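Colleague:
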Amino acid sequence: METRELTCIRCPLGCNLEVTLEEGKVLKVTGNTCIRGEEYGVKECTNPTRIVTSIVPVINGDVPMLPVKTQNDIPKSLMFQCIKELKDIKVKAPIKIGDIIVKNVAGTGVDVIATRDINIS
1 METRELTCIR CPLGCNLEVT LEEGKVLKVT GNTCIRGEEY GVKECTNPTR IVTSIVPVIN
61 GDVPMLPVKT QNDIPKSLMF QCIKELKDIK VKAPIKIGDI IVKNVAGTGV DVIATRDINI
121 S
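With full-length UniProt numbering, letter number 78 in the sequence shown gets 78, and the count goes up by one each step, no holes.
Okay, structure coming up:
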């Protein structure tokens with residue numbers, strides 16, 4: 001039997017969770033004050049995911065870099081593949097919040113989107 005200690009990030013309380021696993025399966029989650037804590041503990045120990053944030057260069061923009069993020073969370077194991085795909089991306093101004101910068105990043109079915117507007121310089 002294995003026990004993992006986590007700090008829940010699903011709400012502002014930041015509960016200290018203790019997740020008990022056996023052969024990779026969650027037996028119980030304790031320390032949570034809401035159901036979201038239990039869901040987080042199970043997900044984090046069985047299939048962790050993350051939102052990836054980064055920046056990409058802008059051509060002819062009023063600012064040189066565009067902040068971007070994955071529209072939803074992706075498997076944690078694909079974070080570096082996502083960043084690798086963003087490495088050679090350059091976008092042309094104008095750009096609007098929500099514009100798709102990379103479609104289906106790392107084969108996840110999740111798009112990378114712009115998180116701010118950028119005008120032409």
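Where is the CB? At the ideal position from N, CA and C, for every residue including glycine. On a predicted model such as this, the values are computed, not experimentally measured, just so you know.
At what residues does the alpha helix (DSSP H) containing methionine 1 begin and finish?
Modeller: For this step, residue 1 is matched to residue 1 along the sequence shown. Premise fails: methionine 1 is in no alpha helix (DSSP H) and is neither H nor E.
Colleague: Of all the options Ile89, Asp62, Leu78, Asn60, which has the alpha carbon lying nearest to the alpha carbon of valine 68?
Modeller: To locate residue 68, count along the sequence shown from 1; it is residue 68. Ranking Ile89, Asp62, Leu78, Asn60 by Cα distance to valine 68 puts Ile89 first.
Colleague: I'd like to confirm the pairing. Which residues does DSSP put opposite methionine 65 in its beta bridges?
Modeller: As a first step, residue 65 is located in the sequence shown; it is residue number 65 there, counting from the start. Beta-bridge pairing links methionine 65 to Pro57.
Colleague: Measuring CA to CA, which of Leu78, Glu38, Val63, Lys28 is closest to threonine 49?
Modeller: Residue numbering aside, residue 49 sits at position 49 when the sequence shown is read from its first letter. Threonine 49 has its Cα closest to that of Leu78, out of Leu78, Glu38, Val63, Lys28.
Colleague: Between the alpha carbons of lysine 43 and glutamine 71, how many angstroms are there, rounded?
Modeller: In the sequence shown, the residue the question calls residue 43 occupies position 43. In the sequence shown, the residue the question calls residue 71 occupies position 71. If you take the alpha carbons of lysine 43 and glutamine 71, they lie about 19 Å apart.
Colleague: What residue from Lys92, Lys96, Gly109 has the CA that sits closest to threonine 115's CA?
Modeller: For the purposes of this step, residue 115 is taken as residue 115 along the sequence shown, with counting starting at 1. Among Lys92, Lys96, Gly109, the Cα nearest to that of threonine 115 is on Lys96.
Colleague: Return yes when the Cβ of proline 75 is within less than 9 Å of the Cβ of threonine 108, no when it is not.
Modeller: Your numbering for residue 108 matches position 108 in the sequence shown. Your numbering for residue 75 matches position 75 in the sequence shown. Yes; because the gap between Cβ atoms is below 9 Å, this pair is in contact.
Colleague: Does alanine 114 come out as helix, strand or coil in the three-state DSSP assignment?
Modeller: For this step, residue 114 is matched to residue 114 along the sequence shown. In the structure shown, alanine 114 sits in a strand (DSSP, three-state: E or B).
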